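Asker: Okay, here's the structure, questions in a sec.
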Amino acid sequence: MATAQRPDEAAAFSPAELAQAPVAYDEMLAALGDVRPHYAALDRRIATLASAEMSERQRTLERFFLLQGITFTVYGGESSTERIIPTDLLPRIIPAAEWAKIEAGLTQRLRALNMFLSDIYGDQQILMDGVVPRELVLGAPSYRREMQNLYVPHQAYANVCGSDLIRQPDGAFAVLEDNLRVPSGVSYMLANREASRRTFPGTFRAAGVRAIDRYPDLLLATLKGMAADWRPNPQIVVLTPGVYNSAYYEHAYLARLMGCPLVEGRDLVVHDNMVYMRTTTGLRRIDVIYRRVDDDFIDPLTFRRDSGLGVAGLFNVYRAGNVVICNAPGTGVADDKAVYAYVPAIIRYYLGEDAILPNIETYLCREASQLQHVLGNLDKLVVKAVGASGGYGMLIGPHASQKEREDFADAIKADPANYIAQPTIQLSTAPCLIDGVIEPRHVDLRPFILSGEKIVVTPGALTRVALRKGSLVVNSSQGGGSKDTWILEDTADEEMAS
Amino acid sequence: MMLARVADSLYWIGRYVERAEHLCRLSDVMLNATLDRTEAASQATRIVLAAVGDTEGARAASPYELAFALALNREDGGSITSSLALARENARQVRDQITTETWERLNLLYLRVTGPEAPKAFADSPSTFLHEIIADLHLFKGAADATMSHGEGWRFLLLGVYLERAQLVGRLLGVCFGDGRRRPLDDHMALMSVLRMSCGLEPYLRRFTADIQPRKILEFLLLDEEFPRSIRFATARIEEHLSATARYVDAAGHAGPERLAGRLRARLQYADMDELDVAGAGALISTVLDECAALHQAIYDTFVAYSLEMRLPA
Chain A
221 MATAQRPDEA AAFSPAELAQ APVAYDEMLA ALGDVRPHYA ALDRRIATLA SAEMSERQRT
281 LERFFLLQGI TFTVYGGESS TERIIPTDLL PRIIPAAEWA KIEAGLTQRL RALNMFLSDI
341 YGDQQILMDG VVPRELVLGA PSYRREMQNL YVPHQAYANV CGSDLIRQPD GAFAVLEDNL
401 RVPSGVSYML ANREASRRTF PGTFRAAGVR AIDRYPDLLL ATLKGMAADW RPNPQIVVLT
461 PGVYNSAYYE HAYLARLMGC PLVEGRDLVV HDNMVYMRTT TGLRRIDVIY RRVDDDFIDP
521 LTFRRDSGLG VAGLFNVYRA GNVVICNAPG TGVADDKAVY AYVPAIIRYY LGEDAILPNI
581 ETYLCREASQ LQHVLGNLDK LVVKAVGASG GYGMLIGPHA SQKEREDFAD AIKADPANYI
641 AQPTIQLSTA PCLIDGVIEP RHVDLRPFIL SGEKIVVTPG ALTRVALRKG SLVVNSSQGG
701 GSKDTWILED TADEEMAS
Chain B
-12 MMLARVADSL YWIGRYVERA EHLCRLSDVM LNATLDRTEA ASQATRIVLA AVGDTEGARA
48 ASPYELAFAL ALNREDGGSI TSSLALAREN ARQVRDQITT ETWERLNLLY LRVTGPEAPK
108 AFADSPSTFL HEIIADLHLF KGAADATMSH GEGWRFLLLG VYLERAQLVG RLLGVCFGDG
168 RRRPLDDHMA LMSVLRMSCG LEPYLRRFTA DIQPRKILEF LLLDEEFPRS IRFATARIEE
228 HLSATARYVD AAGHAGPERL AGRLRARLQY ADMDELDVAG AGALISTVLD ECAALHQAIY
288 DTFVAYSLEM RLPA
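Right, dumping it as structure tokens:
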């Protein structure tokens, strides 16, 4: 019989580390090992399954992903192999009350960040008022001067946002970072759901899980809304870098579920300040581009000259107001890791409210006093390069060797403005099936927020899992996987407990 | 209206799956025929080699080795596995345009033939291995027929299937009857093999009884109106799909492929049977093959790689 292991038994820390690091919050088990009420039904279901049965279900799940082609291809030499992103069988469950707070917090955050972007690319009032340092924003590599004074409908710059939340040891959620550029993972949220409905149909039905299947049509409505005031029936396309991109499955998936063409740069032509796609019947005008290509690559005339993924002249079409690009170019300045530290102040500045979801305490190495603190406490901090993402360019102090810390200290001293540091947070743990045994692994939470005419938070999320024992890094490029996330209906909380 | 690149991919999916199916049949018939030590056995091997374009004959290889390579050699762009991999890669590029049911059939097949167990499965029973691929490809075509909208995309898929089929059957006939340097095939067992390779034995028997004659085989595979693997049948479908796509296309420039298809179909429809003799078949077969090649080029020029200058909005 499979039984859940206590979280502290699995943590791979030395006693000294445990003494300084508070024990992670476990999503399923409370302090004394009691199962939290919203996990009770799942726990009972698991208890009836033998380890072999669980493993069998895990294989069925993986088979489902392979068959659907939810894979990335590892190209090498003459042969190529298909891999699936590891997916865990056991859902992560979030009660309605907790979700309500997350939803309110994310809505508030997105409103403020869109206002911030509109201001930065407009009058720059917030810089004049000295709330955010001018050089921090205008000097950020993600700041796009080309966006200055461009009209963006509804001030909706970040139409699709995927913010990464973590649960701290005290049980409170906090925002670790925002992804306002081309966040991915939503197809895994949807595919995980489809898979877990098959794996635990009974438990799923009884639990009262909020539906997420409307994501594609809400996305479509958001994109449509971006052209509403000038093209009542817009031609919308999804722009992908192509089949070799690791998120290609997601691009095709969203295009298919929205019923929009999936285009590549080579399908598009700019003529007379309009953008067209090459169809079998000639050229056809495009009004809205949901682009899954980074800013740098969308237009070789405006941004990177060596880009073959975009369309020459596209930015001019955008400038002329003849196409909408979603997300708007230049949104990256609002999810810059240094600007992040100012988000609570940004929320207060535009909305006059305190942030509902707190930030993680962040030290900016560009400030001399904070730099000293960072260098003196490298063994306790997580240091991140401002421009990097995906778990690269990052030092996890407590897990690093003396040598790694020294090397990183040199890098920080050489270019302090490029680094920020945060305390090492024990991400919460959730039960995962590892080699037939249930063990806790650290997880984060990436909900997806759409903003157009209005802001909508999909009642679901991608829960990313650090599958390596003790690891705090959940990125798929660093050995991370994912699992389904059940957001319970309001009335469901008590029923689950009963 | 669909993306030109997408139409091109769908067309190539059709071509590749048809090619894979044909190769499976050639290999299977060859392996079966070579169980007997007859004249027909060596003829079957020669036909397969010639039909896959390998006239030199690297041919110290046994029929089994030849079939194995034809099935599983990834380095040979013309092998069954390569064809399936290319079909699947094209499908991946238009994943948003084909239904999940259609995709799953092709993906499953791809995973099986490229998987680590494939060589062993082939070795255990080549016949079972090849038959399963053929059956899966029928499922693929059935799923496409039953679940995809019969609109422009589906028509491009079928254009690929039928044009490839016309060319493959044409090449097979050319090898058997159209090579002026060789005596046309007349061995009974070898002729049966040709019918099996074109999946036409049973329908042929129903039409002509067991009276197996080169001239009748030619007539059947070139000119039969109802047999789905005759060139005339394939050409008629090509013409149908092209004139149906005309509904989606501005009339300008579309005349090319439609006219070519119509001419070829008429050539076969009104061919004079009494003048069709085995000795003179080569000329007709090579005309058919040339016109198929021109049709392929015209489809590409009209729908995919057209000049932008002609299509810019006024």
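In order, the protein sequence lines correspond to chains A and B.
In this text, residue positions in the first sequence follow the numbering used here: the first is 221, and each later residue adds one.
In this text, residue positions in the second sequence follow the numbering used here: the first is -12, and each later residue adds one.
Just so you know, even glycine gets a beta-carbon here, dropped at the ideal spot from N, CA and C.
As the structure is a computational prediction, the values presented were derived from the model and not from experiment.
#1: Taking C-beta to C-beta, are Thr289(B) and Pro244(B) nearer than 8 Å?
#2: So the beta strand (DSSP E) Ala394(A) belongs to, where does it begin and stop?
#3: Helix, strand or coil for Ala441(A), going by three-state DSSP, please let me know.
#4: Please report how far the alpha carbon of Asn379(A) lies from the alpha carbon of Glu323(A), in whole angstroms.
#5: Express the C-alpha separation of Asn412(A) and Lys444(A) in angstroms, rounding to a whole number.
#6: Under 8 Å between beta-carbons, which chain A residues line up against Phe290(B)? List them in chain order, please.
#7: Could you name the residues that DSSP lists as bridge partners for Ile346(A)?
#8: Assuming contact is defined by CB atoms lying nearer than 8 Å, are Val563(A) and Asn579(A) in contact in what I supplied?
#9: Would you say Arg364(A) lies against chain B (beta-carbon separation less than 8 Å)?
#10: When you compare the CB of Gly297(A) with every CB in chain B, is at least one pair closer than 8 Å?
#11: Going along the chain, which residues of the region 64 to 90 of chain B sit with their C-beta nearer than 7 Å to a C-beta in chain A?
#12: Strictly by DSSP, which residues pair up with Glu282(A)?
#13: Run down chain A in chain order and give the residues with a C-beta less than 7 Å from the C-beta of Ala(-6)(B).
#14: When the distance is taken between beta carbons, is Asp599(A) closer than 8 Å to Pro618(A)?
#15: Using 8 Å as the threshold, is the region 414 to 434 of chain A in touch with the region 675 to 689 of chain A, meaning 3 or more CB pairs across them?
#16: Is His125(B) buried or exposed, if buried means 16 or more other CB atoms sit within 10 Å of its CB?
#17: Given this structure, state the Cα-to-Cα distance separating Pro315(A) from Ala261(A), to the nearest angstrom.
#18: Run through chain A and tell me which residues come within less than 9 Å of Met(-11)(B), C-beta to C-beta.
#19: Could you name the residues of the region 501 to 517 of chain A whose beta carbon sits closer than 7 Å to any beta carbon of chain B, in the order they occur along the chain?
#20: Relative to chain D, which residues along the region 139 to 173 of chain B have a C-beta separation below 7 Å, given in chain order?
#21: I want to see whether chain B comes within less than 8 Å of Gly405(A), judged by CB atoms only; does it?
#22: Three-state secondary structure (DSSP) at Val380(A)?
#23: I'd like to confirm the pairing. Which residues does DSSP put opposite Leu503(A) in its beta bridges?
#24: Beta-carbon within less than 6 Å of Tyr538(A)'s beta-carbon, same chain only, minus the 5 sequence neighbours each way: which residues are those?
#25: Should Phe393(A) and Leu385(A) be called a contact, given that it needs their Cβ atoms to be closer than 8 Å?
#26: Tell me, please, whether the region 663 to 670 of chain A touches the region 258 to 274 of chain A by the rule of three or more beta-carbon pairs shorter than 8 Å.
#27: Would the region 516 to 530 of chain A and the region 470 to 483 of chain A be scored as touching if the rule is three or more Cβ pairs under 8 Å?
#28: For Ile0(B), would you say it is in contact with chain A, using Cβ-to-Cβ distances shorter than 8 Å as the test?
#29: What is the rounded straight-line gap between the Cα of Gly269(B) and the Cα of Pro171(B)?
#30: Hey, is Arg298(B)'s beta-carbon within less than 8 Å of any beta-carbon in chain A?
#31: For Asn94(B), decide whether its Cβ has a neighbour in chain A, counting only Cβ atoms nearer than 8 Å.
#32: Taking Cβ to Cβ, would you say Val693(A) is nearer than 8 Å to Cys652(A)?
Answerer: For this structure:
#1: Counting from 1 along the second sequence, the entry for residue 289(B) is found at position 302. Counting from 1 along the second sequence, the entry for residue 244(B) is found at position 257. In this structure, Pro244(B) lies closer than 8 Å to Thr289(B) by Cβ.
#2: Within the first sequence, the letter at position 174 stands for residue 394(A). Counting along the chain, the beta strand (DSSP E) containing Ala394(A) begins and ends at 393 to 397.
#3: Position 221 of the first sequence holds residue 441(A). Here Ala441(A) sits in helix by DSSP.
#4: Taking the first residue of the first sequence as 1, we reach residue 379(A) at position 159. Taking the first residue of the first sequence as 1, we reach residue 323(A) at position 103. Straight-line Cα distance between these residues: approximately 16 Å.
#5: Counted from its first residue, the first sequence places residue 444(A) at position 224. Counted from its first residue, the first sequence places residue 412(A) at position 192. Cα to Cα, Lys444(A) sits roughly 27 Å from Asn412(A).
#6: In the second sequence, counting from the first residue as 1, residue 290(B) sits at position 303. Within 8 Å Cβ-Cβ: Thr500.
#7: Locating residue 346(A) in the first sequence gives position 126, counting from the first residue. Answer by DSSP bridge pairing: none, since Ile346(A) is not bridged.
#8: As a working mapping, residue 563(A) is identified with position 343 in the first sequence. As a working mapping, residue 579(A) is identified with position 359 in the first sequence. Closer than 8 Å, so yes.
#9: In the first sequence, residue 364(A) corresponds to position 144, counting from 1. False, the Cβ-Cβ gap to chain B never drops below 8 Å.
#10: By one-based count along the first sequence, residue 297(A) stands at place 77. Residue confidence is low: Gly297(A) scores 49 on pLDDT, short of 50, so the model does not pin down where it sits. No coordinate-derived value is stated.
#11: Arg79, Gln80, Arg82, Asp83, Trp90
#12: Position 62 of the first sequence holds residue 282(A). DSSP, once it has assigned bridges, lists no residue as partnering Glu282(A).
#13: Walking along the second sequence from the start, residue -6(B) turns up at place 7. Simply Thr500.
#14: Numbered from its first residue, the first sequence carries residue 618(A) at position 398. Numbered from its first residue, the first sequence carries residue 599(A) at position 379. Yes. Within cutoff.
#15: yes
#16: Position 138 of the second sequence holds residue 125(B). With fewer than 16 other Cβ atoms within 10 Å, it is exposed.
#17: Counting from one through the first sequence, the residue named residue 315(A) turns up at place 95. Counting from one through the first sequence, the residue named residue 261(A) turns up at place 41. Each residue's Cα considered, the two are about 13 Å apart.
#18: Numbered from its first residue, the second sequence carries residue -11(B) at position 2. Per Cβ cutoff of 9 Å: Pro481, Thr499, Thr500, Thr501.
#19: Thr501, Gly502, Leu503, Arg504
#20: The chain labelled as chain D is not found among the protein chains of the depicted structure, namely A and B.
#21: Counting from one through the first sequence, the residue named residue 405(A) turns up at place 185. So no, Gly405(A) is outside the interface.
#22: If you number the first sequence from 1, residue 380(A) lands on position 160. The answer is strand: DSSP assigns Val380(A) an E or B state.
#23: In the first sequence, counting from the first residue as 1, residue 503(A) sits at position 283. Arg498(A), per the DSSP bridge assignment.
#24: Here the question's residue 538(A) lines up with position 318 in the first sequence. Once the five neighbours on either side are set aside, the close Cβ partners of Tyr538(A) are Ile545.
#25: As a working note, residue 393(A) is residue 173 in the first sequence. As a working note, residue 385(A) is residue 165 in the first sequence. Their beta carbons are under 8 Å apart, which means Phe393(A) touches Leu385(A) by this criterion.
#26: no
#27: no
#28: In the second sequence, residue 0(B) corresponds to position 13, counting from 1. Ile0(B) does not count as touching chain A.
#29: Taking the first residue of the second sequence as 1, we reach residue 269(B) at position 282. Taking the first residue of the second sequence as 1, we reach residue 171(B) at position 184. Looking at the two C-alpha atoms, the distance is approximately 10 Å.
#30: Reading the second sequence from its first residue, position 311 is the one you call residue 298(B). Yes, Arg298(B) lies at the interface with chain A (some Cβ there is under 8 Å from its Cβ).
#31: Here the question's residue 94(B) lines up with position 107 in the second sequence. So, interface residue.
#32: Within the first sequence, the letter at position 473 stands for residue 693(A). Within the first sequence, the letter at position 432 stands for residue 652(A). It is not a contact, given that the beta carbons lie outside the stated cut-off.
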